[in-house]
Each structure stands twice: as structure tokens, then as C-alpha cells.
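Just so you know, the sequences run in chain order X and W.
Going by this note's numbering, the residue at position 48 of the first sequence is 36; the numbering climbs one at a time, nothing skipped.
Going by this note's numbering, the residue at position 55 of the second sequence is 43; the numbering climbs one at a time, nothing skipped.
Remarks on the structure that follows.
There are 2 protein chains.
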Amino acid sequence: MSSDLTEPGTGPTGAAPTLSEVAKRAGVSSITVSRVVRMPDLVAPETRARVERAMRDLGYVPNLVAGALASARTNSVGVLVPTIANSIFADTVQGLSDKLEPLGFSVILAQSRYDAVREDRVLAALLSRRPEAIIMVGSPATEEGSRLLRNARIPIVETWDLPANPIDAVAGFDNYKAGVAVAKHLVAQGRKQLAFIGGDDPRGTRRWFGFRDEALASGLSEPRRLILDRKDSGSVAAHARLPDVDAVFAANDAHAIGFMSGLRKAGLLRDGPASAQPVAVIGLGDLEMGQLISPTLSTISVHGDAIGRTAATLTLERGGERRIDLGFELVLRDSG
Amino acid sequence: MSSDLTEPGTGPTGAAPTLSEVAKRAGVSSITVSRVVRMPDLVAPETRARVERAMRDLGYVPNLVAGALASARTNSVGVLVPTIANSIFADTVQGLSDKLEPLGFSVILAQSRYDAVREDRVLAALLSRRPEAIIMVGSPATEEGSRLLRNARIPIVETWDLPANPIDAVAGFDNYKAGVAVAKHLVAQGRKQLAFIGGDDPRGTRRWFGFRDEALASGLSEPRRLILDRKDSGSVAAHARLPDVDAVFAANDAHAIGFMSGLRKAGLLRDGPASAQPVAVIGLGDLEMGQLISPTLSTISVHGDAIGRTAATLTLERGGERRIDLGFELVLRDSG
DNA sequence: TTGTTTGATGTTAGCGCTAACATGAGGCAA
DNA sequence: TTGCCTCATGTTAGCGCTAACATCAAACAA
Chain X
-11 MSSDLTEPGT GPTGAAPTLS EVAKRAGVSS ITVSRVVRMP DLVAPETRAR VERAMRDLGY
49 VPNLVAGALA SARTNSVGVL VPTIANSIFA DTVQGLSDKL EPLGFSVILA QSRYDAVRED
109 RVLAALLSRR PEAIIMVGSP ATEEGSRLLR NARIPIVETW DLPANPIDAV AGFDNYKAGV
169 AVAKHLVAQG RKQLAFIGGD DPRGTRRWFG FRDEALASGL SEPRRLILDR KDSGSVAAHA
229 RLPDVDAVFA ANDAHAIGFM SGLRKAGLLR DGPASAQPVA VIGLGDLEMG QLISPTLSTI
289 SVHGDAIGRT AATLTLERGG ERRIDLGFEL VLRDSG
Chain W
-11 MSSDLTEPGT GPTGAAPTLS EVAKRAGVSS ITVSRVVRMP DLVAPETRAR VERAMRDLGY
49 VPNLVAGALA SARTNSVGVL VPTIANSIFA DTVQGLSDKL EPLGFSVILA QSRYDAVRED
109 RVLAALLSRR PEAIIMVGSP ATEEGSRLLR NARIPIVETW DLPANPIDAV AGFDNYKAGV
169 AVAKHLVAQG RKQLAFIGGD DPRGTRRWFG FRDEALASGL SEPRRLILDR KDSGSVAAHA
229 RLPDVDAVFA ANDAHAIGFM SGLRKAGLLR DGPASAQPVA VIGLGDLEMG QLISPTLSTI
289 SVHGDAIGRT AATLTLERGG ERRIDLGFEL VLRDSG
């Protein structure tokens, strides 16, 4: 009777049709409809055609919530990033999403906004949806978050870093070494007064340590470290706070470009090569934008989308190497 | 017995604990545990404490999949964007996520990659998870996608545009008018040879139409239109294909900055004000970057995050205005 | 013929939770 | 005392699907 109320082809009038309504209309049992949806090869062609017809007539859309409960498989992965806007993490989300979507997995996205309390909250929220894996940028900020993830007994992939004691799998690069590489390069260029600008999140801090340690090891005085507020790409103004500096490593390209903008205002930017720059600037991330501005931006290139794709792979394969170092590359252009 | 196997505080050894395991341990019925989780005020303080103790001991994490099936509420919204990487849509996702997360909603994110077939596929996948609303950038590319959404009987919010016949709610701005505004401005500036560079997606195309119509209405010859491949920020090279042009409207800031880079190479970029530019350039999106480069970028400013927040609001409130024009603003700086 | 295999479909039970409706104890007005 | 309310908790049924195990007919080997 309720199916009588439904006009074929024009859409449902009431509640969404269920498997068993389709089954009734096709004159089969519901398990057969379920098979048509999930393992069509097991169903005889004529039966299948009848069922498909009934599904179309009713506008049937499978209910994966019910399916997930019955099968204990949600076909979803939780993804936790500090922030998605204006960030290179969007590349990572795109990469993993491109890899997972064709396999029928959905991405449940959450942001921590660099806030430990919020991180724990969204982590709990994610886990209560029973994702089959969690991919996160960085590592849990708290012991509680770490415990939650360990207890979940699902693949956990930490990215954008190479933590010493990962929960499970890792896809990232060595942020400390990136700092070292930049300092080495600047020292080789004859720079003397180094500075670091960026956030004080874990990964940025590791870059700072590498940068500082290498500078000190090379006999330079301790570099200055300017901790910028997030969104404080008023890093334009940062220059004013770093007089006498002749080389800057910015924790990301946006900060680098902002800083260069400050240099330009101060007349300290040349359109020539690195050697002509009164102040060398190196970024991190290799934003496309870095190649479009003048002078072009030297940077540590990191493949955000490869990190995402690799993380997705680690999510699906339980065996094999669980710690993948995707490396980085110092790309030298005109800014430093 | 199975709870005997679980060592309190060290995490579960087997399957995740369920409501009724917690209930047994606390000596109450499962509905009471459910109430402690969802409506703690209804439970007597001592009982509540006992239940909370049991939850902690067992490391209980509620199963929202089961809860969603039982209550017919998933507390999730589906979000469909063309792409998340390097795009201003990330702002929109951040905005809506910031609004929805505190309310207990999760975001299920999908990308269409500007591909109609993929869009329909991910739309079906989203709907089968029974989100309580769908927020998408733009409108469905196909009739089939549109039908799916209409039949879903949930709030649907189309964003970043103001479609004439929306499925349900809308949060965006008038892309045609944006094109008109830019053309008007360039005409007033005395520019004669206009050009438009950008993609041929629906919204970009509407900007083009507004731009062209206004140029023609002002007595100029038809502007040139250069359709760039996505990721073809080889818009650097675009300049070579637009000789004699004295004003360009780029469908987004990234293209604009790429084009300016091409102009610089050709010696056609000045550090002075708009009036000094041999070729005026106007972007769209108001990336932070636009203020950091030289000359600073004139652009149509659009608040991606406000679009996201508004869309989230439209998702939650069924009554009230369903068509919200968030407008845009022509921000004039030095590029044109 | 008889047993055995294969292919197609069905039956049953239950995933972990919640809505809706009891139940029962205590308080309190008349 | 009676009736009626309020508060705290419980019972029952079922959300829509799938795993696991039947069932049964046809095909086929010995």
C-alpha cells in the first residue's frame, strides 16, 4: 500500500524506501536486493533486472548506516587536520580523498584549530562514528587523545612528521632535518644573522630546533625566533622586529611571502638572484605562488598530496612498512 | 565474564564495549547509560556517577552508527566541493565546519573534481550515509544529481552562486554582477581592450557573461575570453596569448597573480598605482596573498567562510529566508 | 539410480542503540 | 486517606540492513 502512494519516476512522497520495499515490489526476498546492490554477480540476470527496475521505480538509495551496523564496516575514515583553510593540509586531504573515494570510503573531516581541547573532542566524535581508520596531521596533543586512538584498534596514520613513537603508521618527513638543511644552505651562502619566523606548533618547533642547532654548530650566534600568531601574516610587520638579520627561514611559504612584502617596503628586496638579496628568505611548502612572485621564492618543497595518498595506502594495507619518509627538497630560487 | 577480561584503565582487549556492557557493570539498564550519554540531567547524580565510572573503566566510546539507525538522526552533513586543494572553497568548508562541529554534526567531505560523472557518484554515496543536509558549491551538474537531491527530502544548500531555480536554499553571490562590476570599473578607468581568463565552470562562465555584456553595453568590442585549464596557472603564459589587451579580469586571484607574473616578465608591470599599469588586472577571491605582492592586487572580495557559515545556518533552520545573497566587494588596490 | 556438486534464493537472528511507553516510589494537596 | 503529580528507572520493540546458515532445483558423475 505504501508503495502505491509512490509515483514511479517522480520521487517518493513519504519516507525513503527500504530494502524490503524494493524486495516486495520485485517479488524477491530482501537479501536478494542486498545482493544486487553489493554482489550483483551472485544474482541471476533476470532477477537482477527485476530488482534494478524496482529500485529505480522507487528511487531506492541504500542506507549505509544500517548496512554499517549490520556488517560492522562503515567504509569511512576519519581525517583530522589543524585547519583546512589557506593551508597546505588541503592538498593532503585532497590526495587521500582521491585515493579513498573510488574504493567506496567516505572522508569524515574534522579540524582541531591547533587547540588540544578541541582536538580531543573531535577525536572522540570521530571515533564514535566508527571509522575504519584515522588519518591526522601531526600527533595527538594530549595523552588522552593518544589513548583514545590506541584503544580504537584501527589503523592510525600520523602525517607531516616522523614521530619517534608513533601510535601506528606514519607518512611524513623529518621537520628537524628540514631546519638543518635550510641553516646549512644559509651558512654556506655566508649569512651570519639568522632568524626563524613561524608558529609554535609541534612541527614548526621541530623545524626551529633543527635550524637553531645547525646554526650554532656552524659557529653562528643563536638565531632569533619570532613566533607569529596564526593568521598573523602580518608577518609583513615581522621585518620591523628583526633588524640586522640577513637570512630568514619562514615556517611556511605564506609567512615567507608576507615577510618579503615587509622587506620590499623597507627597500631590502632585489629582483636579482639570491646572492643579490640583502636578506635571504626561505619558505616551506612550495606554494605555486612562490614561483609567480618576484623574486621567486626559495623553499623547502613538500608534497602534501603525496602525504595524503600515502596515508590512504597505509590505511588500507595492514602489512608492510608502517613508517614512510616522503622527504623534502630544498628548492633554490631567487629569494635566498 | 567478558568484562573481566578488560583491565580497567589499560584499554580493551577485544571488541569495543557496548552500552549494555557498561550497563551491566554499573548495575543499571542500558537505557540509563544511554541517558547518561545524551541527557545526563534525567539521571540521578549517584546513578550517573556510577555509570560514568563504568564507562571510564571500560573505555566506552558510544557507537553513533547504531544510535543513528535507532533514532533516524545521523548528526552529519554532506559537503560537496569541486576541489579542496589550493582553493578558496577550503574557507567555506572551514566556516561551515566551525559552525557545525560544536553542535555535534560531523562533516562528510567529497570532491567532484569538476567532473559531472564523479559528482553524481559521490552525491549518491553521500546520500546513502543519510546526512541531515547537503551543502554543495554550485549546483548539480546533471539532472540526475538534481533529482537525487530533491528526492532526499533534506535541506540542500547551494553556495557560491545564486541559481535561478535552486533545489532548496542558497548562500552565495551574483557572479554575473561581479563580472559587470569589474567591466564597469575598467571602462570607467578608460580601458579599451578587455579580456577574461579563467575556467569554464558554471560560476566562472557567469562572471564572463556579466563582464562581456557590460563591456559590449559600454560600446567596447567583445572582450577576449581565454579558458585556462585547471591548474594551468601557466596563466603566466596567458599573457603571450593576449597581445594588445589593456585590462584583464581573472576568474580567481591565483590566475590573476599568475598573469601578473607574465606581465612582469614582459615588462608591463609597474610598482605604481592602477593608473600607471599598462595592463590592469582584477582578480576574484581576495586571497591574503594579493595584498602581499607588488603591485597589490585589485580583486572582487568574497567571503568564503561567511558562505560556509551561512550555509550551515540554512542547514539547521528550516524556516526563514532560504536565499541569501552575501554579495561581493570590488576592492581596488594597485593592479587595476 | 544415487549421491554430490553447483547456483540461486530464502530464513533467521542480531548488529547497538533509542523512542515510546510502562512502572513504581515518594511527595503533596485536599 | 485518596488521588494525582513528579522523578528516576525499566521494558519492549524495532531502526534497515547483513552474516551465516538453510533450502531447493537442476546438472552431473559414477
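Think of the CB as a built atom: it goes at the ideal place given N, C-alpha and C, for glycine as much as any other residue.
- By the C-beta criterion, the region 119 to 137 of chain X is judged not to be in contact with the region 122 to 138 of chain W, since fewer than 3 inter-stretch pairs fall below 8 Å.
- Non-local beta-carbon contacts of D293 of chain X in its own chain, meaning distances under 7 Å to residues more than five positions away in sequence, involve D79, T80, Q82, G83 in chain order.
- If you check the CB distance, N153 of chain W and R191 of chain W do not come in under 7 Å.
- The Cβ neighbour count for E276 of chain W, taken over all protein chains shown within 10 Å, is under 16; the residue is labelled exposed.
- One alpha carbon belongs to R26 of chain W, the other to I19 of chain W, and they sit about 10 Å apart.
- R229 of chain W does not reach chain X, its nearest Cβ partner there being about 17 Å away, counting only Cβ pairs nearer than 8 Å.
- For S94 of chain W, at least one C-beta of chain X is nearer than 7 Å to its own C-beta.
- R195 of chain X counts as buried, since at least 16 other C-beta atoms from the protein chains shown sit within 10 angstroms of its C-beta.
- Contact between I185 of chain W and V236 of chain W is confirmed by a C-beta separation of about 6 Å, below the 8 Å threshold.
- Taking the Cα positions, A242 of chain W is about 29 Å away from I144 of chain W.
- Contact residues of the region 97 to 117 of chain X toward chain W are L97, A98, Q99, R101, R106, R109, V110, A112, A113, L114, L115, S116, R117 (C-beta to C-beta distance below 9 Å).
- F184 of chain W sits in a strand when the DSSP states are folded into three classes.
- Membership of V267 of chain W in any beta strand (DSSP E) is not indicated, and neither H nor E is assigned to it by DSSP.
- The Cβ-Cβ distance between P70 of chain W and Y48 of chain W does not fall below 7 Å.
- When CB distances to chain W are screened at a threshold of 8 Å, the residues of the region 39 to 57 of chain X falling below it are G47, V49, P50, N51, L52, V53, A54, A56, L57, in chain order.
- Closest by C-alpha distance to G246 of chain X, out of W:L257, W:I270, W:L256, W:T284, is W:T284.
- Against L302 of chain W, chain X offers no close residue; the least beta-carbon distance is about 19 Å (beta-carbon pairs closer than 7 Å).
- Taking a contact to require three or more Cβ pairs closer than 8 Å, the region 90 to 110 of chain W and the region 85 to 99 of chain X qualify as touching.
- A242, I245, G246, M248, S249, R252: these are the residues of the region 226 to 253 of chain X whose beta carbon lies less than 8 Å from some beta carbon of chain W, given in chain order.
- Around the beta carbon of P211 of chain W, a 10 Å sphere encloses 16 or more other beta carbons of the protein chains shown; the residue is thus reported as buried.
- For a Cβ distance threshold of 7 Å, residue set R252 of chain W lies close to S282 of chain X, ordered along the chain.
- Note on geometry: alpha-carbon atoms of R141 of chain W and W148 of chain X lie some 40 Å from one another.
- Q279 of chain X carries a helical assignment under DSSP once its states are collapsed to helix, strand and coil.
- When rounded, the separation of the alpha-carbon atoms in G315 of chain W and R297 of chain W is 14 Å.
- Here A159 of chain X is near I312 of chain X, since their CB atoms are less than 7 Å apart.
- Residue-level contact by beta carbon fails for S286 of chain X and chain W, as no gap is shorter than 7 Å.
- Beta-bridge annotation (DSSP): I123 of chain X is paired with X:V67, X:V145.
- Within the same chain, and ignoring the five residues on either side of K180 of chain X in sequence, the residues whose Cβ sits closer than 7 Å to its Cβ are L208, D234.
- Under the Cβ distance rule, A73 of chain W counts among the residues neighbouring chain X, one pair being separated by less than 7 Å.
- Under the 7 Å criterion on CB atoms, V267 of chain X is classed as non-interfacial with respect to chain W.
- The criterion of a C-beta distance shorter than 7 Å is not satisfied by V21 of chain W and L30 of chain W.
- Using a CB distance cut-off of 7 Å, D322 of chain W does not count as an interface residue toward chain X.
- The beta-carbon of M124 of chain X is placed no less than 7 Å from the nearest beta-carbon of chain W.
- In the three-state reduction of the DSSP assignment, V233 of chain X falls in the coil class.
- Counting only runs that start and end inside the region 78 to 116 of chain X, the alpha helix (DSSP H) elements of at least 4 residues fall at 104 to 115.
- Restricted to the region 17 to 47 of chain X, not a single beta strand (DSSP E) segment is unbroken, complete and at least 3 residues in length.
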